[in-house]
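Peer 1: Below is the structure I would like to discuss, written out as structure tokens.
In this note's numbering, the protein residues as written are 151 to 326.
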């Protein structure tokens, strides 16, 4: 992998279904939606880049059910920050939309994370028919308040996959 250019890094949780006997360590297994005949799994947090069309894992850490997922994300991002290349963009899915992850990720690189459509203020921001950029305040008025750029994207399905109408999505868009 060439290290003299910037990279797009993606982070994700990976669930490995577990079919064995009950865990001996109470925090060992995580709960998940029923998959492959089980609702328990070993969960990992990974960071990877795509190089030559294939994902290359940069960091991986085990996630315990008795720890916050943000702790695992911080471990992975700390490890990724030690690599000898610049991170051009950090991508994550909706599951990473929380205060600690956003704060840590934006310190490392330009960050894009889809927002969760929870809360009246967020629903109001997403109740639109046109795309726009704004600033959103998570935990508005508290000492944990977090401000970040919110990109609201409106697209039209035009019969794609048999669906029609508008699709409104919001993204944390730090340093774009």
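Think of the CB as a built atom: it goes at the ideal place given N, C-alpha and C, for glycine as much as any other residue.
The model shown is predicted, which means the values in this text are computed figures rather than measured ones.
1. I need the straight-line Cα distance from residue 201 to residue 184, nearest angstrom please.
2. Consult DSSP for residue 277 and reduce its assignment to one of helix, strand or coil.
3. What are the start and end residues of the alpha helix (DSSP H) that includes residue 242?
4. If you run the structure through DSSP and keep just helix, strand and coil, what is residue 342?
5. Excluding the 5 residues flanking residue 256 on each side, which residues of the same chain have their C-beta closer than 6 Å to its C-beta?
6. Assuming the contact rule is C-beta atoms closer than 8 Å, residue 239 and residue 158 should be a hit. Round their C-beta distance to whole Å, please.
7. Given that a residue counts as buried once 16 or more other Cβ atoms are within 10 Å of its Cβ, and exposed if not, what is residue 321?
8. Determine the direct distance from the alpha carbon of residue 298 to that of residue 290, and round the result to whole angstroms.
9. Between the C-alpha atoms of residue 271 and residue 215, what's the straight-line distance to the nearest angstrom?
10. Do you know offhand how far residue 310's Cα is from residue 174's?
11. Would you kindly work out how many angstroms separate the C-alpha atoms of residue 247 and residue 171, rounded to a whole number?
12. Would you list the residues sitting across from residue 194 in a DSSP beta bridge?
13. Check whether the segment 252-269 touches the segment 177-192, taking contact to mean three or more Cβ pairs, one atom from each stretch, closer than 8 Å.
14. Where does residue 258 sit, in a helix, a strand or coil, going by DSSP?
15. By DSSP's criteria, residue 299 is part of a beta bridge. Which residues make up the other side?
16. What does the alpha-carbon distance come out to for the pair residue 204 and residue 229?
17. May I ask which residues mark the beginning and end of the beta strand (DSSP E) holding residue 184?
Peer 2: Considering the structure as presented:
1. Within the chain shown, numbered from 1, the residue matching residue 201 stands at position 51. Within the chain shown, numbered from 1, the residue matching residue 184 stands at position 34. Cα-Cα distance, rounded: 32 Å.
2. Taking the first residue of the chain shown as 1, we reach residue 277 at position 127. Coil, per DSSP.
3. Against the chain shown, residue 242 aligns to sequence position 92. Looking at the DSSP string, residue 242 is not in any alpha helix (DSSP H), and its letter there is neither H nor E.
4. It is not possible to answer for residue 342, since the shown part of the chain is limited to 151 through 326.
5. Looking up residue 256 in the chain shown gives position 106. So the list reads 324, once near-sequence residues are dropped.
6. Looking up residue 239 in the chain shown gives position 89. Looking up residue 158 in the chain shown gives position 8. In this structure residue 239 touches residue 158 by the C-beta definition: roughly 5 Å separates them, less than 8 Å.
7. Position 171 of the chain shown, counted from the first residue, corresponds to residue 321. Its Cβ being crowded by 16 or more others within 10 Å, residue 321 is buried.
8. Residue mapping note: residue 290 aligns to position 140 of the chain shown, counting from 1. Residue mapping note: residue 298 aligns to position 148 of the chain shown, counting from 1. So the alpha carbons of these two residues sit roughly 12 Å apart.
9. In the chain shown, residue 271 corresponds to position 121, counting from 1. In the chain shown, residue 215 corresponds to position 65, counting from 1. Roughly 30 Å between the two C-alpha positions.
10. Numbered from its first residue, the chain shown carries residue 310 at position 160. Numbered from its first residue, the chain shown carries residue 174 at position 24. Cα-Cα distance, rounded: 48 Å.
11. Within the chain shown, the letter at position 97 stands for residue 247. Within the chain shown, the letter at position 21 stands for residue 171. Going by the C-alpha atoms only, they are around 33 Å apart.
12. As a working note, residue 194 is residue 44 in the chain shown. The partner list for residue 194 (beta bridge, DSSP) reads 164, 212.
13. The segment 252-269 makes no contact with the segment 177-192, as fewer than three CB pairs between them are under 8 Å.
14. Stepping through the chain shown from its first residue, residue 258 is reached at position 108. Reduced to three states, the DSSP call for residue 258 is helix.
15. On the chain shown, residue 299 is found 149 positions in, with the first residue counted as 1. The partner list for residue 299 (beta bridge, DSSP) reads 285.
16. Residue 204 sits at position 54 when you count from the first residue of the chain shown. Residue 229 sits at position 79 when you count from the first residue of the chain shown. If I take the Cα positions, the gap works out to 20 Å.
17. For the purposes of this step, residue 184 is taken as the residue at position 34 of the chain shown. Counting along the chain, the beta strand (DSSP E) containing residue 184 begins and ends at 180-185.
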